[in-house]
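First the structure, in the form of structure tokens, and then the observations on it.
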Amino acid sequence: MKEVVISAKNLTKVYKMGDVEVQALRGLSLEIYKGEVVAIVGPSGSGKSTLMNILGCLDLPTSGEYSLDGEQVANLTGDQLADIRNRKVGFVFQSFNLLSRQTALSNVELPLRYSGKTEGRKERARQALIAVGLQDRITHRPYELSGGQQQRVAIARALVNDPAIIMADEPTGNLDSKVGQEIMDLLLNLNKEHGTTLIIVTHDPRVAAQAGRTISVRDGVVEEHGL
3 MKEVVISAKN
13 LTKVYKMGDV
23 EVQALRGLSL
33 EIYKGEVVAI
43 VGPSGSGKST
53 LMNILGCLDL
63 PTSGEYSLDG
73 EQVANLTGDQ
83 LADIRNRKVG
93 FVFQSFNLLS
103 RQTALSNVEL
113 PLRYSGKTEG
123 RKERARQALI
133 AVGLQDRITH
143 RPYELSGGQQ
153 QRVAIARALV
163 NDPAIIMADE
173 PTGNLDSKVG
183 QEIMDLLLNL
193 NKEHGTTLII
203 VTHDPRVAAQ
213 AGRTISVRDG
223 VVEEHGL
């Protein structure tokens, strides 16, 4: 029987803009299983970024139930959200989000610092960089790296805590098609070798086609589950 790693039921998210309420999610429900590769797609304004923020514990729903790797999330405090986020989720963003003055090694160490881990921290970060093929770029800073290499650093940072889930928001969006495919191959290989659940928000049909399942979001609800 498949193990559910993400369970969302009737999620709503309402943003207040002055006197106006904007409903970003309207009773959205979905399940994602351990070890799946899932693409979340949808037009601009469909609610997919809001959904990703909630699934990644960066934000809370206005109402509904959300369970992440067996833990109920919807009513957690900010500190509790930060803790579960650091333990269970690795993030990869379109813009890389690296600290420009820090080396690749220091950037990858960051999640370990936030979690209070000290023993073997540098070695774990070094091994994560080796895993993404950057053993000869460990002491380089972001401005000394290509876009593809910076995204590899971001992936190493995402996996250094051995998270249950990696969430990638347009991970190939700032890269040319060749380098973008190299990044996709790397992410898919992490899933294949380590069983890491991979959730990718993308507008690129070539990226979505490589997922095991596609979830289409429109107007704040799941429109369809593709196989």
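Sequential numbering from 3 applies to the sequence shown in the numbering used here. A virtual CB, placed ideally from N, CA and C, is assigned to each residue, including glycine.
#1: In this structure, does DSSP put residue 108 in helix, strand or coil?
#2: Can you give me the Cβ contacts of residue 113 inside the same chain, cut-off strictly under 7 Å, excluding the 5 residues immediately before and after it?
#3: Taking the runs of the alpha helix (DSSP H) that are 4 residues or longer, which of them lie wholly in the stretch 63 to 138?
#4: Bridge partners of residue 9, per DSSP?
#5: Per DSSP, residue 22 forms a beta bridge with which residues?
#6: Tell me which residue opens and which closes the alpha helix (DSSP H) that residue 186 is part of.
#7: Is it the case that the Cβ atoms of residue 34 and residue 201 are separated by a distance below 8 Å?
#8: Specify whether the stretch 167 to 182 and the stretch 95 to 108 touch according to this definition: at least 3 beta carbon pairs, one from each stretch, less than 8 Å apart.
#9: Assuming residue 170 is part of the beta strand (DSSP E), what are its boundary residues?
A quick look at the data gives this:
#1: Counting from one through the sequence shown, the residue named residue 108 turns up at place 106. Correct three-state label for residue 108: helix.
#2: By 1-based counting over the sequence shown, the position of residue 113 is 111. Excluding sequence neighbours, residue 113 sits near 88, 159, 162, 163.
#3: 80 to 90, 106 to 116, 123 to 133
#4: Position 7 of the sequence shown holds residue 9. 33, 69, per the DSSP bridge assignment.
#5: For this step, residue 22 is matched to residue 20 along the sequence shown. Per DSSP, 19.
#6: As a first step, residue 186 is located in the sequence shown; it is residue number 184 there, counting from the start. Start and end: 179 to 196.
#7: To locate residue 34, count along the sequence shown from 1; it is residue 32. To locate residue 201, count along the sequence shown from 1; it is residue 199. A contact, by the Cβ cut-off of 8 Å.
#8: Output reads yes: the stretch 95 to 108 touches the stretch 167 to 182.
#9: If you number the sequence shown from 1, residue 170 lands on position 168. Here the beta strand (DSSP E) through residue 170 covers 167 to 171.
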